Every structure is written in structure tokens, then in C-alpha cells.
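See structure below.
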Amino acid sequence: MWAAALPSTIAGSKSSVSSAPQPSDYHDALTELPNRRLFDDRLKQALHLASRRDSGIALVLIELAGFATAGDDTVREAARRLAPVLRKADTLARWGAAQFAVILTDVTEEAQCRVAAERLLAALDMDVAIGISRFPADALDAAALVRNADAARARARELGRRHYRLYAR
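Here numbering that gives the first Met the number 0 is used: the first residue of the sequence shown is 0, the next is one more, and so on.
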């Protein structure tokens with residue numbers, strides 16, 4: 000009876016090993032940036048730290064226009080150009096097919112967001128729309144921060160080429 004249970008126990012341990020998170024589960028294969036799964040975790044951590052330190056963060060959503068015609072090379076190039084513009088404490092991630100997300104840490108003033116947005120626009124020689132939402136000024140949790148940054152990004156896209164918008168109630 001014990002021998003009959005042994006193969007299922009071994010098989011069970013194999014499946015639990017294979018279901019363990021792999022490094023590739025947290026990074027985008029195309030850009031090698033953190034993916035949305037890792038980004039969501041870092042956003043929660045950044046919010047927690049900012050709350051404890053009585054500081055702020057900003058969430059920046061960047062959408063590349065004309066992605067359908069540009070493809071993978073454009074996404075890779077955008078990732079390559081965005082990374083050096085950010086500080087080491089900030090997080091850049093691939094958010095979607097034609098989108099990136101950035102967590103700007105230690106943001107206490109709206110002007111810091113504007114400077115970051117201008118740098119991001121300057122780094123990308125392509126049509127983009129950027130939306131920004133701040134904690135705690137615009138939102139108090141990750142879901143609201145994302146929703147507000149996305150609304151700001153949509154407003155920036157309506158304005159046409161190469162615009163950014165900060166969330167406004």
C-alpha cells in the first residue's frame with residue numbers, strides 16, 4: 000500500500016516544483032524589463048514604503064502610438080531609451096503590448112512629475128501619450144493610482160502627438 004502511494008507523492012512533488020515561480024515569470028521576454036506581475040508587486044511595496052515614510056510616489060503610464068505598424072523593434076528601442084532617463088530607485092516595466100509603466104519614488108511635488116515626463120518624452124523620438132497619477136495627492140491605493148494614471152494617459156492621447164497629462168479630478 001505504501002509503495003502504491005509513493006509514485007503519486009513523487010508526481011505531486013514534481014508538479015509543485017514545476018509550479019514554483021521562475022525568473023522568466025517576472026520579466027518580459029522581449030524587453031527584459033519587469034513584467035506587469037513584478038511591477039504590481041513593486042507598486043504595492045512602493046506605496047507601503049511611501050506611507051511609512053510620509054513621502055509620495057508617482058505612477059507614469061506610457062503608451063506608444065502606432066504600435067501595430069511598428070512592432071517588436073519599436074518596443075525594444077523604447078525600453079532601451081527609457082531606462083537611462085530614470086533614477087536607480089525608480090522602476091520601469093513593460094505594462095502591455097505597447098505600454099510601459101514607471102514608479103517614480105520620493106515624489107513630493109507635481110513639478111518632479113513634469114520634469115520626469117519631459118525627460119521621458121525627450122528620450123522617445125516617437126508618438127507617445129503619458130499619464131501620471133500621484134500618491135497620496137491623487138490616490139491612496141494601487142488600483143486608484145492605476146485608474147487615474149490611465150485616465151490622464153487617455154486625455155494626453157486625445158491631445159495628439161507627444162503629450163503628457165497629470166491626473167486632475
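We put the beta carbon where it would ideally sit given N, CA and C, even for glycine. Values in this document were obtained by computation on a predicted structure and should not be read as measured data.
Quick one: give me the first and last residue of the beta strand (DSSP E) that Arg-164 is part of. 162-165
Could you name each continuous beta strand (DSSP E) segment of 3 residues or more that falls completely within the stretch 93-147, going from the start of the chain to the end? Correct list: 98-103 and 127-134.
Rounded to a whole number of angstroms, what is the C-alpha to C-alpha distance between Ala-82 and Leu-91? 7 Å
Under the three-state DSSP convention, the category Glu-157 falls into: helix
Among all the DSSP beta bridges, which residues are the ones paired with Val-59? Val-101 and Ile-131
Output the distance between the C-alpha atoms of Leu-165 and Asp-140, rounded to the nearest integer angstrom. 17 Å
Rounded separation between Arg-51 and Arg-41 - CA only: 15 Å
Could you have a look at Leu-85 and say whether DSSP puts it in helix, strand or coil? coil
Rounded to the nearest angstrom, how far is the Cβ of Val-101 from that of Val-59, given a contact under 8 Å? 4 Å
My output table needs one value for Thr-90: the three-state DSSP class, helix, strand or coil. strand
Quick test of the definition: if touching needs 3 or more C-beta pairs under 8 Å, does the stretch 25-32 touch the stretch 102-117? At 8 Å Cβ cutoff, the stretches do not touch.
Do you know whose CA, among Val-145, Phe-134 and Ala-128, lies nearest Ala-97's CA? Ala-128
Member of His-47, Val-84 and Ala-57 whose CA lies at the smallest distance from the CA of Leu-120: Val-84
Going along the chain, which residues of its own chain have a beta-carbon closer than 6 Å to the beta-carbon of Tyr-147, five neighbours each way excluded? In the sequence under discussion, the amino acid at residue 147 is Asn, which differs from the Tyr named in the question. Closer than 6 Å at the Cβ level, and outside the excluded window around Asn-147, lie Ser-132, Asp-137, Ala-138 and Tyr-166.
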